[in-house]
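This report concerns only the one structure given below.
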Amino acid sequence: MAGSGQNHQQTKYSFFHSNNSSLVGNKTSSVCTTTYQDQSMMSSSASPWYHPSAVSGDNEDSAFCDGNNLSTEPVTTMNKQPSSLSLNTDCTYPNQQPYENYGHFFVKKTFHKPTYCHHCVEMLWGLIGQGYYCEVCNFICHDRCRKYVISPCSSIAPILIKNPVCHIWSDISRFKRKFCNICRKRLEDFSAVRCEVCEYYAHEDCKDFAVNDCRETATYVPSRDNSTTPVRHHHHWREGNLPTNSKCAICRKTCWSSECLSGMRCEWCGITTHSTCRSRVPEECGFGTLRDIIIPPYAISIPRIADLNKDLILGIGNNMSKPIQNTSNNNSIPQTSDYVIVGSSSTTDSKNAGLIMRSSSTEHPSGGDLEAGPASTEKEPRSRAAETYASGNVQMENMTIQSGKPKHVKPSNKNQQDEEEEREIIKVYDGNATYRNGTPRSISVPKQASYTQILEAALRTFHINDDCTKYCITIPTDDVGGDQPLDEIAPLKTLKQTFGRTLNTYIRYKERGDMDFDYVRVYPGILKTHDCFKVIKVTSSSTTSEVIAKALSDFGLTNVNAEKYSLVEVLLISNVNYTDRILEPNEYPLHVLRQQRKESVRSHRVTRFYLQHKDDPHGPSVSLFVGNLPPGPRTEKQYEKILFQDIFKSNKDLKWDNMDVIYYEHGAMVLVYNDSDRATRAYTILRQAYHDQKQLLVLMLPNIQPQVISSNISPLLVFVNVKSGGQQGAELITNFRHLLNPHQVFDLQNGGPLPGLYVFRNIPHYRILACGGDGTVGWVLSCLDNVGQDALCQSPPVGIVPLGTGNDLARVLRWGSGYAGGEEPLALLRDIVEAEEIKLDRWTVVFHQDQDKRLPTVPEINSGKSTSAVRKAEENRKNIRKLNLPPPSITVPLVSQEGSTSEDKTEMFVMNNYFGLGLDADICLDFHMAREENPNKFNSRIQAKGYYLKTGIRKMMKKGGLKDFTRDIVVEVDGKRVDLPQLEGIVIMNILSWASGANLWGHEKDEKFNRPTHYDGMLEVVGVTGIVHLGQIQSGIRSGVRLAQGGHVHIRMNNDYPVPVQVDGEPWLQPPCDITIIRSALKATMLRKRKSKIKRRNTEPSVFFPDVDDDSKG
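In this text, residue positions in the sequence shown follow my numbering: the first is 28, and each later residue adds one.
Here it is in structure tokens:
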């Protein structure tokens, strides 16, 4: 198997490690073999970084690399050494040699603590030289496992990805029992982030070196609609951080580890395997147990707009404050602040600035350089060569920053102190950009280090795996990028003479003055071709148009018009999403490459060139959801005036092509643009616009192609209210995005349920999962009432994850009293799949106020009855009609205010759970007002219920109250008047759960009444005698006073003071009026959780495995 280039490569790596062997203490002689893999890194399915097309077997649309089609290219086929897949010119020469060991810099090392192999997950045994570890990514393995390693080093992993997709990072947080996917070390005690779409974790300062292999969530291709070949989806593998007790689907043995980053898992179906067993898994992914509710990525398309980040389309994060990146300009090089990978982050938590992670690497920062801090802070040098390294465990030192230099804790022994004194710290800048930003990376080298040692250490600290002879070290001479070569004979002496104690250097690419040409790799993107890429030779006179024509010819697309294609420069850098730039037709690619190298060598190596149609193949239609507009009875012309004249300033270039739908009750609409450039400019202006002192909410919506979805799939639309009482919504929405397609999960903070319902409007059958309290469920049902008539599925069944305080409707439907985080999100989704559909009665509550029964004036209130409700009337006068979400389904003009001479007023609300009048509404109103004043005090169910208890005790101590309010109230049920005893509250119920699970109706059988249900078309009228009675009902000692049961309830309020009322937990003070409750024509279908069955213990290899528990579905 050895080829002619093998000896050359072996010589290079042997020379590389022999020169560095003196830098490493407690290491045996460095060894780096020239192991050849049995399969290509790119074309082999054994590699976890193999991402083929979503269609397998469709020769026209297939875009993945086929080994049989790559024999003429620099990549190898089966049974050949995997070739270099770097995507820039320095790795595209015809004689480029393949990477060894998947790019790892393996050296033998002695470990002083129990350490585990990252490949086989077994312990490394022995006293000295137990195993090998990579000096760049910290991969550890046995000697016997080294030749079977399939995990690429972080130095080459970014350039092995076929279809790069940027990650969407979460806010900085702390994650327990997780490992960084870049430096492979634990995340505990360090600031870290994770991807909101996939299970990718990284330290805050490692994320700049993250691999852009996030899940492809929207891969729809229009040409597949008429294809007879079934669409096949392939696994998307992620290494490490497997669920506890995960078992391999092939060998049925445990494949997870709490000691290191190991094992493989598919991000779609969740199947888990060993890295060695992964090649035996079938290529096609069936989406596991969630296949009946997940929307496959090949059924979703998103607008092709280069200037917008993917998180804006997904609605992730605080979109109102995120700036828009504009990278499609005519400049040759984008702005460096958005373009260059840097070694430190300016957003590092100040509390963690003193925590430094010590690595086993000595001459360069390991992994992602976890000690990175703010740009003005110098990193801690790697000084301890003999430091103990345990797999996954880290050693930390505290340091303080004084005068820009780290102050180390005193070494534990004299040998370590002497060793630190014999080393030098050098700041390395990756081109001009990092020098301008002041974000270098530091390396630690011996005081007698040679020029080659310094150069190789600098390359490794920026994760550059390439021939070091192509690079050089220079010294800055000014602040605008000027430099001069570093003396190769005495490099450290020259640096000290130039800078003194602070040693600054550049890492540069050697530009050959006598070389007027170079090579670039051009990728076809979604074009119909079998080849992964083509190598194109460019000269100083080659223009973009010439490169496009040459690439199309090499791809075999000779019958196409080259003017309809463009060449896109894509930067594969994780901290910037969609940084692609369209090259101008008369631009010179060779000049672009050389300018890239001056700005950043690292950025140059992770840049690709793609061919793409100038016209979006999915069509030019772009849908913008615009919210926070004035609601109410307005016309389309009024909304058009607000947007076109007030916001767009009558600019016709920003005018939309179609106003698809207007949600008058919610002050929202959907604008459709047939030009992506106009949509981008309109989006930029709208998201920064204000109207009536409120900032507009703007979302760019994806498009679901229902014709691609199988008829046996009923997709799940997920709504999560992250602000519900339990405050578990933020974690739950991230878990659902990981388990499902993130385009089917919506945050209710971004426009409420309307954007999601609009996206799903053309799907004939789907289900809804509402994560929140009873108010959230009512909000979703209310929006369904408004928009359901325009959708194919007018009444989709709704399931519930109870996140609120009461969760009464969820209790009735068996979804539990409240989600506390103990149940796995996967189990929740499984319950939705197995849930049964059931009808829910809905009722209309009509408030009719005569002119004579207007709101009393202040003197009238003061002369009236002295109750707690009366005393609050004057104080809360302006808040009489201030309701929480959800808004009412049908709202006619509000109640007339003091002195109004308007005619009769009528209001209508839809009731799902219960209607309260009197005492229970009074307590609910107190809680509502307190939460409005101090929302931060009600962040948990315990706090909320505690306030209810304090309110009840306070009212118990007060005299008066609402004891006499029933004297002036007349209740009629089905036309018959009900005799009311002395009561302080009346509750009319549709469900048998009230006030956080209390059974107000009671369990006693009574021949006068039928057994109540929430689908029998009947209401139950129950009375409450006082606050003590209310407490007894809550404790289960007593039940309420049964008054009546019927399908039509009429209440006449003859009192002269406002009385507290509440509909489904939304309270206010109601002036005297007539109240009528009738059966609503609006229907609702709910999902009821099936009763749990005793199942045998799950012994399958993975909870995600497709065939698990299929026989248990009811």
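Ideal placement from N, C-alpha and C gives every residue a C-beta, glycine not left out.
Is it buried or exposed for residue i, if we count other Cβ within 10 angstroms and need 16 for buried?
i, result
"His262", "buried"
"Gln1072", "buried"
"Lys721", "exposed"
"Glu321", "Inspection of the sequence shows that residue 321 is occupied by Ile rather than by Glu. Its Cβ being crowded by 16 or more others within 10 Å, Ile321 is buried."
"Met542", "exposed"
"Thr662", "exposed"
"Tyr700", "buried"
"Leu976", "exposed"
"Asp858", "buried"
"His1030", "exposed"
"Leu856", "buried"
"Leu269", "buried"
"Pro154", "One detail in the question is off: residue 154 reads as Leu in this sequence, not Pro. By the neighbour-count rule (16 or more Cβ atoms within 10 Å), Leu154 is not buried but exposed."
Less than 7 Å between C-beta atoms, sequence neighbours within five positions excluded: which residues of the same chain meet that for residue i?
i, result
"Arg307", "Ile277"
"Glu14", "Outside the shown range of the chain, which is 28 to 1141, sits residue 14, and nothing can be said about it."
"Asp545", "Thr116, Val565, Leu617 and Leu620"
"Phe671", "Ser677 and Lys682"
"Thr303", "Tyr175"
I'd like the list of long-range same chain contacts for residue i, defined as Cβ closer than 8 Å, with 5 residues on each side in sequence excluded.
i, result
"Asp643", "Pro330, Arg331 and Ser703"
"Lys668", "none"
"Cys579", "Note on residue identity: the sequence assigns Leu, not Cys, to residue 579. Thr585, Val587, Ala589, Tyr592 and Leu638."
"Tyr793", "Ser741, Pro742, Leu743, Leu744, Phe787, Cys820 and Pro823"
"Ala326", "Tyr247, Ile731, Gln732, Pro733, Val735 and Ile736"
Name the DSSP beta bridge partners of residue i, please?
i, result
"Gly826", "Leu796"
"Cys499", "Arg535"
"Leu855", "Paired residues: none, contrary to the question."
"Ser200", "Ala219"
"Val633", "BP columns for Val633 are empty, so no partner."
"Phe652", "Val697 and Leu726"
"Gly158", "Lys136"
"Ser471", "Ile452"
"Lys721", "His718"
"His1077", "Glu999 and Thr1103"
"Thr871", "Val937 and Ile1105"
Note down, in chain order, each residue of its chain lying with its Cβ closer than 6 Å to the Cβ of residue i, except the 5 sequence neighbours on either side.
i, result
"Ser572", "Pro612"
"Ala576", "Ala589"
"Cys225", "Cys241, Arg242 and Glu294"
"Val749", "Gly756 and Ala757"
"Gln1089", "Gly943, Ala948 and Cys951"
"Gln362", "Note that Gln362 scores 36 on pLDDT, short of 50, meaning its location in the model is unreliable; the coordinates nonetheless yield the value given after this. None."
"Val997", "Arg1079"
"Asn655", "Lys721, Leu723 and Leu724"
Do the CB positions of residue i and residue j come within less than 8 Å of each other?
i, j, result
"Glu243", "Pro185", "no"
"Asp510", "Tyr533", "yes"
"Lys537", "Cys495", "no"
"Phe1036", "Arg1069", "yes"
"Leu952", "Ile1013", "no"
"Leu610", "Leu594", "yes"
"His169", "Leu151", "yes"
"Phe936", "Tyr785", "no"
"Gly1044", "Arg1117", "no"
"Val860", "Cys798", "no"
"Ile27", "Ala485", "Because the chain in this structure spans residues 28 to 1141, residue 27 falls outside the shown range and cannot be described."
- Along the chain, which unbroken stretches of the beta strand (DSSP E) at least 3 residues long are found entirely within the region 219-276? Segments of the beta strand (DSSP E) lying fully in the region 219-276: 219-221, 228-230 and 264-266.
- Item | alpha helix (DSSP H) runs wholly inside the region 544-625, at least 4 long, in chain order | 571-581
- Query: Enumerated in chain order, which unbroken segments of the alpha helix (DSSP H) with a length of 4 residues or greater are wholly contained in the region 284-337?
  - Reply: Correct list: empty.
- Give, in chain order, every unbroken run of the alpha helix (DSSP H) that is at least 4 residues long and sits entirely within the region 1008-1074. Here the runs fully enclosed are 1054-1062.
- Go through the region 479-530 residue by residue and report every complete run of the beta strand (DSSP E) that reaches 3 residues or more, in order. 498-503 and 510-512
- Task: For the region 746-820, list the alpha helix (DSSP H) runs that are entirely contained and at least 4 residues long, ordered along the chain.
- Result: 756-766, 781-786 and 801-814
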